[in-house]
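*Asks:*
Numbering (the numbering used here), first residue to last: 312 to 624.
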């Protein structure tokens, strides 16, 4: 379930590669954008499978301990609170999760050792120890505790993030959003549920896919015109001296302002200023703010920017 900020970030990343690669073209860039969306959906499924598969890892650990030549009292009478976690049970038995994962070829089959290591790291973590030691029981306790384990330990493990970086150039950037989708999925499970309601990248009644297509297409189509506007707004700055990321952000902002009448200018301006704080230099947000502010005023006066409905707010 993509939000518009994440869409802007994805387009920024794809366009950055597009403008750096002399052999790239708009078709290749659009294919890369579509591929990045597919990879984000795969990451969502990978994270859900990670949580679900931990039940099997935990069960195997208990069974292995019981088969020791001289098992301890703890080996013979283990704490089974984690393997009996109600949410884990639903995820581990979910036909919907299994179906979607098989369709996209997502599994932990090739990363079993990593998963076992992640479980070992988890059981040494305070959030797991507190859950296992607590005498509290119940569905809400299971759900809240599993979310805490996921948020505070699992997705932050270095070995896991290294794997993400190795598997896909998109996944580390997508981790926050995919994780929020997993948490939303877990929180949606009710006590009498036997199945998981899976999230999709695009909602059926959502216009965000059209927003992505339009913003990407218009940023490229208006590239030369908006570059001239940026030159004019930058005044004493030569275009080549402006950081590539800043130029792309301003091109995107101008294309968005001119192409989407229902998005208020203030929203567009604030969004790209925020993105510059994360993806460009320390002083970029002030520089971009100054240029876009004056260009927006000029384009409104000339009639090149027209806002309607919600865009007038």
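Virtual Cβ for every residue (Gly too), placed ideally from N, Cα, C.
Do you know offhand how far residue 327's Cα is from residue 367's?
*Replies:* Rounded to the nearest angstrom, the two C-alpha atoms are 42 Å apart.
*Asks:* Excluding the five sequence neighbours on either side, which residues of its own chain have a C-beta within less than 7 Å of the C-beta of residue 412, listed in chain order?
*Replies:* Here the set comprises 356, 360 and 418.
*Asks:* For residue 569, which residues of its own chain have a beta-carbon under 8 Å away from its beta-carbon, when the five flanking residues on both sides are left out?
*Replies:* Result list for residue 569: 529, 533, 610, 615 and 616, in chain order.
*Asks:* Give the secondary structure of residue 591 by DSSP, where H, G and I count as helix, E and B as strand, and everything else as coil.
*Replies:* Residue 591: coil per DSSP, three-state reduction.
*Asks:* Could you tell me the boundaries of the alpha helix (DSSP H) in which residue 482 lies?
*Replies:* Element bounds for residue 482: 482-499.
*Asks:* Along the chain, where does the alpha helix (DSSP H) containing residue 351 start, and where does it finish?
*Replies:* Here the alpha helix (DSSP H) through residue 351 covers 337-377.
*Asks:* How big is the Cα-Cα spacing for residue 350 and residue 605?
*Replies:* When rounded, the distance between both Cα atoms is 38 Å.
*Asks:* Taking only runs that begin and end inside the region 541-599, name each unbroken beta strand (DSSP E) of 3 or more residues, in chain order.
*Replies:* Counting only runs of 3 or more, we get nothing.
*Asks:* One question on the structure: do residue 422 and residue 460 come within less than 8 Å of each other, judged by their Cβ atoms?
*Replies:* Against a cut-off of 8 Å, the Cβ pair of residue 460 and residue 422 comes out as no contact.
*Asks:* How should residue 567 be labelled, buried or exposed, when 16 other C-beta atoms within 10 angstroms of its C-beta is the threshold for buried?
*Replies:* Buried: at least 16 other Cβ atoms inside 10 Å.
*Asks:* Should residue 340 and residue 318 be called a contact, given that it needs their Cβ atoms to be closer than 8 Å?
*Replies:* Cβ atoms of residue 340 and residue 318: not closer than 8 Å.
*Asks:* Taking one C-beta from the region 485-496 and one from the region 449-463 each time, how about it: are there three or more such pairs within less than 8 Å?
*Replies:* Result yes; three or more Cβ-Cβ pairs closer than 8 Å.
*Asks:* How many whole angstroms separate the CB atoms of residue 603 and residue 561, which I take to be in contact at a CB cut-off of 8 Å?
*Replies:* Rounded, the Cβ-Cβ distance is 6 Å, consistent with contact.
*Asks:* Output the boundary residues of the alpha helix (DSSP H) element that contains residue 525.
*Replies:* Per DSSP, residue 525 belongs to the alpha helix (DSSP H) from 519-532.
*Asks:* Let me make sure I understand the geometry here. Which of 384, 401, 334 and 607 has the alpha-carbon closest to that of residue 506?
*Replies:* Of 384, 401, 334 and 607, the residue nearest in Cα terms is 401.
*Asks:* Measuring CA to CA, which of 427, 452 and 425 is closest to residue 438?
*Replies:* For residue 438, the nearest C-alpha among the options comes from 452.
*Asks:* Thinking C-alpha only, which one of 470, 408 and 424 is nearest residue 510?
*Replies:* Of 470, 408 and 424, the residue nearest in Cα terms is 408.
*Asks:* Are three or more beta carbon pairs between the region 388-397 and the region 369-378 nearer than 8 Å?
*Replies:* Yes, the region 388-397 is in contact with the region 369-378.
*Asks:* Hey, how far is the Cα of residue 313 from the Cα of residue 379?
*Replies:* Looking at the two C-alpha atoms, the distance is approximately 48 Å.
*Asks:* Is the distance from the Cβ of residue 354 to the Cβ of residue 489 below 8 Å?
*Replies:* Cβ atoms of residue 354 and residue 489: closer than 8 Å.
*Asks:* Note down the Cα distance separating residue 583 from residue 404, rounded to an integer number of angstroms.
*Replies:* Roughly 43 Å separates the two Cα atoms.
*Asks:* When we look at the beta-carbon of residue 592 and count the other beta-carbons within 10 Å, is it buried (16 or more) or exposed?
*Replies:* By the 10 Å Cβ count, residue 592 comes out exposed.
*Asks:* For residue 607, which option in 587, 620, 588 and 581 has the closest C-alpha, if you only look at C-alpha atoms?
*Replies:* Checking every option, the nearest Cα to that of residue 607 belongs to 581.
*Asks:* Please determine, among 542, 426, 383 and 414, the residue with the shortest C-alpha to C-alpha distance to residue 363.
*Replies:* It is 426.
*Asks:* Alpha carbon to alpha carbon, how far is residue 613 from residue 590? Give it in angstroms, no decimals.
*Replies:* Straight-line Cα distance between these residues: approximately 31 Å.
*Asks:* What is the rounded straight-line gap between the Cα of residue 540 and the Cα of residue 573?
*Replies:* Their backbone Cα atoms lie some 22 Å apart in a straight line.
*Asks:* With a Cβ-Cβ cutoff of 8 Å, do residue 531 and residue 335 count as a contact?
*Replies:* No. Outside cutoff.
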